[in-house]
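Protein chains: 2
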Amino acid sequence: MLGEKNLLNFLRSLTSFSEESYALLQPALEERELKKNDFLLKEGEVCSSLFYIVDGYCKSYYEIDGEIKNTGFFFENEIATNIQSFGSGEKSKFNIIACETMTVVLFAKEKLFEIAKQSQEVEALGRSCIRLYATKQEELLTVFQLYSAQERLEYLENKRPEILKRVSLSQVASFLGVKRETLSRIRRRRMSR
Amino acid sequence: MLGEKNLLNFLRSLTSFSEESYALLQPALEERELKKNDFLLKEGEVCSSLFYIVDGYCKSYYEIDGEIKNTGFFFENEIATNIQSFGSGEKSKFNIIACETMTVVLFAKEKLFEIAKQSQEVEALGRSCIRLYATKQEELLTVFQLYSAQERLEYLENKRPEILKRVSLSQVASFLGVKRETLSRIRRRRMSR
DNA sequence: ATTAACCTGTGACTATAGTCACATAATCTG
DNA sequence: CAGATTATGTGACTATAGTCACAGGTTAAT
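So the sequences go chain by chain: A and B. Quick note, the first sequence lines up with residues 1 to 193 if you use the UniProt record's numbering. Quick note, the second sequence lines up with residues 1 to 193 if you use the UniProt record's numbering.
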């Protein structure tokens, strides 16, 4: 499989994970190619997969009164999903869409749960995924609760430089919760200092 | 124990939970009284407990350049903790402090983990707690990513009315990320419509 | 009951961000 | 490569939020 080596390394970065567990996991996995603007998840659907990203990137967003508000970007070697919908079986409130051609490895929920019942390691992996996701979301929440637009940009520069390298200014502005004109002016102010 | 009935009901609202599991859980539990301004958790400490709130309420906050920024309020029949620190063993970046006299039931991490190894139900409870917490944090994140100050106030009115009933305007303002003067003016604007 | 501490509302001014309009630059597509 | 589309930068103006100052109200403690 294309992303095999990376995927095993990624899983091992979360929790101890043996070759045997990896073999056990195979039936839950499926490699998939996506074109730009293909949906990984649509609002109103139930999220029944985790997507491990082998290549390309995607974003999560809400559409409110016709306006698109980005809420996250997901790159190579990360998991994209909606944990709330995945965990609870409720409908997703947001979309996830490919921003480029992508290669992903899909973890099918039902099969994953079956395997977790048989394997302590796969079960622990699930918990680690949730905890990792919750930690990231919590960090992002404090960024929005505590920081101004300019400080939020600085957070991206320091902690998520990948976003600024690969995502257009207007898309980043939507993510940071400011208008693109404002973000452009913040950058200008910072240049002149 | 004072909060016994409520606690069992609370646990059962998360996951199926038998009397036997509850008995098994007892050694991890400790009831504790707190006075106003007692700390449940201090910045720099590792969070080694979950606090189930029997009576009273508390808040989580950061102190940045001498200014206090509230990030959450926790009331009766809820769990207060820092999942990130509790899960990872890292130092907490924020404080949790009693806003009134409180009665809490403390879940000791080490003992809880021991018991979880022996009991499927206790283990499932742990996962439910994390998922519930992650879901709440994610919802709050979207409120801050998507909504204006006025819309954030409306979110509190609709989804978290308890906060507005029991917490002072200036404390709520700090939580919503606006100055108390601004929140006062938003309220006035809304009154006159 | 009286002082002190805290909370709330409001005016006047400043600072920051949004809106609208337009010019130019970069990228995509046939 | 040419036209179309998308992205960015900027000016002028408006709207929203922050700052500072102060007054009156509420609450708590001795």
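We treat Cβ as the ideally placed atom computed from N, Cα and C, and that holds for glycine.
Tell me, please, whether the CB atom of residue i is closer than 8 Å to any CB atom in chain A?
{"i": "residue 144 (chain B)", "result": "yes"}
{"i": "residue 15 (chain B)", "result": "no"}
{"i": "residue 7 (chain B)", "result": "no"}
{"i": "residue 131 (chain B)", "result": "yes"}
{"i": "residue 89 (chain B)", "result": "no"}
{"i": "residue 169 (chain B)", "result": "no"}
{"i": "residue 134 (chain B)", "result": "yes"}
Apply the 10 Å Cβ neighbour rule to residue i and answer buried if 16 or more other Cβ atoms are within range, or exposed otherwise.
{"i": "residue 73 (chain A)", "result": "buried"}
{"i": "residue 82 (chain B)", "result": "buried"}
{"i": "residue 16 (chain A)", "result": "exposed"}
{"i": "residue 152 (chain B)", "result": "buried"}
{"i": "residue 125 (chain A)", "result": "buried"}
{"i": "residue 70 (chain B)", "result": "buried"}
On a Cα-Cα basis, can you pick out the residue from the options that is closest to residue i?
{"i": "residue 258 (chain B)", "options": "B:60, B:44 and B:88", "result": "Within the shown structure, residues of chain B are numbered from 1 to 193, placing residue 258 (chain B) beyond reach of any answer."}
{"i": "residue 36 (chain B)", "options": "B:71, B:58 and B:100", "result": "B:100"}
{"i": "residue 46 (chain B)", "options": "B:154, B:175 and B:88", "result": "B:88"}
{"i": "residue 245 (chain A)", "options": "A:123, A:55 and A:173", "result": "Beyond the ends of chain A as shown, which are 1 and 193, falls residue 245 (chain A); an answer cannot be given."}
{"i": "residue 105 (chain A)", "options": "A:50, A:189, A:9 and A:24", "result": "A:50"}
{"i": "residue 96 (chain A)", "options": "A:144, A:34 and A:114", "result": "A:34"}
Please state whether DSSP places residue i in a helix, a strand or coil.
{"i": "residue 58 (chain A)", "result": "strand"}
{"i": "residue 89 (chain B)", "result": "coil"}
{"i": "residue 78 (chain B)", "result": "coil"}
{"i": "residue 152 (chain A)", "result": "helix"}
{"i": "residue 104 (chain B)", "result": "strand"}
{"i": "residue 71 (chain B)", "result": "strand"}
{"i": "residue 43 (chain B)", "result": "coil"}
{"i": "residue 52 (chain A)", "result": "strand"}
{"i": "residue 37 (chain B)", "result": "coil"}
Taking Cβ positions only, does residue i come closer than 8 Å to chain B?
{"i": "residue 69 (chain A)", "result": "yes"}
{"i": "residue 81 (chain A)", "result": "no"}
{"i": "residue 163 (chain A)", "result": "no"}
{"i": "residue 66 (chain A)", "result": "no"}
{"i": "residue 44 (chain A)", "result": "no"}
{"i": "residue 137 (chain A)", "result": "yes"}
{"i": "residue 84 (chain A)", "result": "yes"}
{"i": "residue 12 (chain A)", "result": "no"}
{"i": "residue 186 (chain A)", "result": "no"}
Residue j and residue i - do their beta-carbons sit closer together than 8 Å?
{"i": "residue 137 (chain B)", "j": "residue 40 (chain A)", "result": "no"}
{"i": "residue 28 (chain B)", "j": "residue 117 (chain B)", "result": "no"}
{"i": "residue 84 (chain A)", "j": "residue 135 (chain B)", "result": "yes"}
{"i": "residue 57 (chain B)", "j": "residue 166 (chain B)", "result": "yes"}
{"i": "residue 183 (chain B)", "j": "residue 176 (chain B)", "result": "yes"}
{"i": "residue 43 (chain A)", "j": "residue 94 (chain A)", "result": "yes"}
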